[in-house]
Structure formats: structure tokens, C-alpha cells
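*Asks:*
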Amino acid sequence: MKIKFLKLNLIISLISTNVFATIVENNIEESRYIQNNVSSRVMSSTQAFSKLIEELDKQSVPTRYLKQSLPYIKSIKFVTLQPNVYGIYNTLTKVMTLGEDFISASTGQVKTLSNLTFDQVASVYHEFWHAYRDNIASKSRSPLILTFASQARSLYRSKGSNIHDEAYGLYAEEIVKNYVHFYSLFEKRNMDSRKKLRDNIKLSNIYKSGFNSEIFGYYRTWRGQFKNSTVNLPSRDRLNIEKNLLDSKVSRNYLEAFAENKF
Ligand SMILES: [Zn+2]
31 MKIKFLKLNL
41 IISLISTNVF
51 ATIVENNIEE
61 SRYIQNNVSS
71 RVMSSTQAFS
81 KLIEELDKQS
91 VPTRYLKQSL
101 PYIKSIKFVT
111 LQPNVYGIYN
121 TLTKVMTLGE
131 DFISASTGQV
141 KTLSNLTFDQ
151 VASVYHEFWH
161 AYRDNIASKS
171 RSPLILTFAS
181 QARSLYRSKG
191 SNIHDEAYGL
201 YAEEIVKNYV
211 HFYSLFEKRN
221 MDSRKKLRDN
231 IKLSNIYKSG
241 FNSEIFGYYR
251 TWRGQFKNST
261 VNLPSRDRLN
271 IEKNLLDSKV
281 SRNYLEAFAE
291 NKF
């Protein structure tokens with residue numbers, strides 16, 4: 031689940047009214063976070079995201095784990111979410127919930143890549159990570175999940191896998207958001223001005239700093255409150271995500287990431 035921590039007070043007051051709710055570990059009772067279910071739209075994951083994935087492929091954005099997760103996600107529900115909630119993946123029902131602003135008013139389908147905000151694209155990568163871990167990674171003994179599991183055990187005093195699960199979602203989305211944002215800057219320009227962007231040290235530093243941004247996982251207490259971890263996601267996990275989830279497709283090297291052959 032992706033939430034905005036800046037507006038945490040609202041969500042805490044919302045949740046703590048229901049102290050005796052049954053909390054299913056690693057599962058979200060999404061009805062609490064939905065503001066308006068009336069105008070909800072439900073689609074199959076393929077119907078919702080096939081076109082978007084094609085567009086992402088054209089921009090060399092990693093999509094392998096999105097594609098592999100599609101068949102496991104039962105449906106995607108688009109509703110009016112609470113303002114501080116971006117998306118939810120329910121591990122019990124296998125339903126993903128996203129904001130209704132993903133839907134284009136003119137086509138009734140998920141907006142095209144250029145009409146989605148960078149935050150929305152990021153939310154897709156975040157929620158799909160949860161779906162991928164739930165359905166595929168956790169059932170394997172891949173380097174991705176072995177590193178995830180050993181780090182989750184050693185980094186935190188309790189709730190390790192819940193906290194680390196969110197930290198992985200946050201880092202994957204951060205890296206993809208950074209890349210897609212820069213790609214859109216390059217894409218709008220001709221070859222000569224793309225060269226100028228590549229020579230720009232300031233831009234290069236901004237791009238690289240995305241890989242060092244602070245990432246803190248979080249978990250839900252038994253009362254349903256969200257608590258941030260104080261452990262900044264270690265480099266070992268960042269590299270694990272870049273290599274084994276994003277398939278090394280988002281280079282830390284600015285010139286390589288936006289080489290001319292990508293346009
Ligand atoms: Zn999450």
C-alpha cells in the first residue's frame with residue numbers, strides 16, 4: 031500500500047476509531063481507505079495495463095515484473111481514494127485498488143503514459159511490487175527474495191518483512207519515477223538539445239541523487255496505525271532491486287541511461 035506520510039494525522043484518526051478491528055497480517059482492509067466506491071470501475075489487469083506497459087517498453091522502462099504479475103492480479107478497481115492514499119494491493123483477494131483519476135474521461139480506459147502523472151506511474155510500480163512479491167518472488171528462491179528475506183530479518187527488531195516490503199516498493203517506484211521524469215525531458219527535444227542535456231552536470235547530479243534518496247519502510251500496528259521505520263534502505267537492497275527487480279534497465283550512469291539510441 032502506498033500512503034503519503036505528510037498527511038498521516040488524517041489517516042490515524044480515521045483508523046484509530048476502529049480499535050478492535052481484526053487486522054489480517056500483510057493485508058489491507060481497503061474499504062477504510064476508499065472515499066467513494068459508487069463510481070468505481072473494475073477491469074482485468076490486462077485490460078487496465080497492457081497499453082501502458084507497451085508505452086513503458088518503448089521508453090526502455092523495466093516492465094518484466096509488471097508483465098509477470100498481470101495474470102495473478104484478479105482485477106483492478108479504480109475508486110476515489112482518501113487523499114493520502116495512492117494505491118492498495120490486497121494479498122487475500124488479489125485485487126489492486128487505484129485512484130479513479132487513472133481513468134480517462136474521454137476513453138473510459140486507463141490514461142496514456144503522457145497523461146498520467148509521474149506519481150501515478152510510480153504508484154503502479156509500487157503496487158505491482160507487492161503483487162509480484164506476493165505471487166511470484168516469495169514462492170521462489172531467487173537472489174531478489176533471498177536478499178530481501180535476510181535483510182528483513184537482520185535490519186529490524188520486528189515486522190521486518192512488512193517494513194521491508196514497503197521499502198522495496200518505495201525504492202522501485204522512486205527509481206522508475208526519476209527515470210521516466212528525465213526521459214520525458216529528453217524525449218521532447220531534438221538530438222542537439224538532447225546532447226546539451228547530457229552535458230549538463232547539474233542535471234546529471236540530480237538524476238544520480240535519486241538513487242541516494244532516503245527510503246524508510248513502514249508497517250501497520252495492530253491498531254491500524256502506520257509507523258515509519260528509522261532504517262534508511264541499505265545499499266545492498268537498492269542494488270538488489272536495481273539488478274533483480276528492475277533487471278539493470280535503469281542505469282545509474284546518466285549518459286548511459288539517456289543515450290541517443292533510447293530515443
Ligand atoms: Zn505499499
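The sequence shown begins at 31 in the working numbering and counts up by one.
Think of the CB as a built atom: it goes at the ideal place given N, C-alpha and C, for glycine as much as any other residue.
1. Considering just the uninterrupted stretch of the beta strand (DSSP E) at T260, what are its terminal residues?
2. In terms of residues, what are the limits of the alpha helix (DSSP H) holding T76?
3. Exposed or buried, which one is D229 when buried takes at least 16 other CB atoms within 10 Å?
4. P264 to I175, Cα distance in whole Å?
5. Relative to the C-alpha of V151, which residue among D131, E203, R163 and K225 is closest?
6. Hey, would you say the C-beta of K189 is under 7 Å away from at least one heavy atom of ligand 1?
7. Let me make sure I understand the geometry here. Which of E157, Y213, Q98 and H156 has the alpha-carbon closest to that of K88?
8. Name, in chain order, the residues that DSSP records as bridge partners for G199.
9. If you follow the alpha helix (DSSP H) that F158 is part of, which residue opens it and which one closes it?
10. Tell whether a beta-carbon distance below 8 Å holds between N192 and Y116.
11. Helix, strand or coil for L122, going by three-state DSSP, please let me know.
*Replies:* Per the coordinate set shown:
1. Taking the first residue of the sequence shown as position 1, residue 260 is located at position 230. Looking at the DSSP string, the run of the beta strand (DSSP E) that includes T260 is F256 to N262.
2. As a working mapping, residue 76 is identified with position 46 in the sequence shown. Residues S75 to K88.
3. Here residue 229 refers to the residue found at position 199 of the sequence shown. Per the 10 Å Cβ criterion, exposed.
4. Along the sequence shown, read from residue 1 onward, the residue named residue 264 stands at position 234. Along the sequence shown, read from residue 1 onward, the residue named residue 175 stands at position 145. Rounded to whole angstroms, P264 to I175 spans 15 Å at the Cα level.
5. Here residue 151 refers to the residue found at position 121 of the sequence shown. Nearest of D131, E203, R163 and K225 to V151, Cα basis: E203.
6. In the sequence shown, the residue the question calls residue 189 occupies position 159. No, the Cβ of K189 stays beyond 7 Å of every heavy atom of ligand 1.
7. One-based indexing of the sequence shown puts residue 88 at position 58. Looking at the Cα atoms, Y213 is the closest of the given residues.
8. Here residue 199 refers to the residue found at position 169 when the sequence shown is read from its first residue. DSSP, once it has assigned bridges, lists no residue as partnering G199.
9. Here residue 158 refers to the residue found at position 128 when the sequence shown is read from its first residue. From DSSP, the alpha helix (DSSP H) with F158 extends over F148 to N165.
10. The sequence position of residue 192 within the sequence shown is 162, counting from 1. The sequence position of residue 116 within the sequence shown is 86, counting from 1. Cβ atoms of N192 and Y116: not closer than 8 Å.
11. Residue mapping note: residue 122 aligns to position 92 of the sequence shown, counting from 1. The answer is coil: DSSP assigns L122 none of H, G, I, E or B.
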